[in-house]
Amino acid sequence: QVQLVESGGGLVQPGGSLRLTCEASGGDTTFYVMGWYRQTPGKERELVAEITREDNTYYGDSVKDRFVVSGDMRKRTVSLQMNLLKPEDTAVYYCNGRARFYAAVNFWGKGTQVTVSA
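Here this note's numbering = 1-based position in the sequence shown + 40.
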């Protein structure tokens with residue numbers, strides 16, 4: 041069974057930076073796309089950024105020009121460099137992996153808390 045494990049969350053001041061990393065272990069599933077989603081209480085999980093095997097990237101509108109996603113599908117790793125963080129970026133960030141772009145089966149990590157506060 042594939043497990044996705046996130047690391048790198050924490051508390052940062054507005055305007056600061058954080059880097060999240062996710063690594064997959066176990067199972068033999070190969071991913072076509074890996075990325076990050078986030079969720080706050082009472083809201084639906086939303087796309088932050090994801091990257092495909094061909095290095096195509098997709099970003100949520102609220103993080104464009106501030107966040108950068110990178111990954112290696114052969115190693116089953118994905119990272120998210122978050123810059124110019126805002127209080128509204130505060131959320132639990134979840135790593136996601138799929139074998140196809142529109143795959144019905146999604147693999148999720150347990151999430152890592154990111155808090156942006158002075």
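Cβ atoms here follow ideal geometry from the backbone N, Cα and C, with glycine treated the same way.
Check whether the Cβ atoms of Leu120 and Arg106 lie closer than 8 Å to each other.
Against the sequence shown, residue 120 aligns to sequence position 80. Against the sequence shown, residue 106 aligns to sequence position 66. Contact flag unset, no.
With C-beta atoms as the reference, is Arg85 less than 8 Å away from Tyr77?
If you number the sequence shown from 1, residue 85 lands on position 45. If you number the sequence shown from 1, residue 77 lands on position 37. Yes. Within cutoff.
Thinking C-alpha only, which one of Leu87, Met113, Gly111, Glu94 is nearest Lys104?
If you number the sequence shown from 1, residue 104 lands on position 64. Relative to Lys104, the option among Leu87, Met113, Gly111, Glu94 whose CA is nearest is Leu87.
Could you check what DSSP says for Asp95 in three-state terms: helix, strand or coil?
The sequence position of residue 95 within the sequence shown is 55, counting from 1. Of the three classes helix, strand and coil, the one that applies to Asp95 here is coil, per DSSP.
Could you tell me which of Val118, Phe141, Val108 sits nearest to Ser57, measuring between CA atoms?
What you label residue 57 is simply residue 17 of the sequence shown in a count that begins at 1. Considering only alpha carbons, the answer is Val108.
How would you label Tyr133, buried or exposed, when you count the other beta carbons within 10 angstroms and need 16 or more for buried?
As a position in the sequence shown, residue 133 is number 93, starting the count at 1. With 16 or more other Cβ atoms within 10 Å, it is buried.
Quick one: residues in its chain with C-beta nearer than 7 Å to the C-beta of Gln153, no 5 flanking neighbours on either side, listed in chain order?
Walking along the sequence shown from the start, residue 153 turns up at place 113. Within the same chain, Gln153 has close Cβ partners Gly49, Val132.
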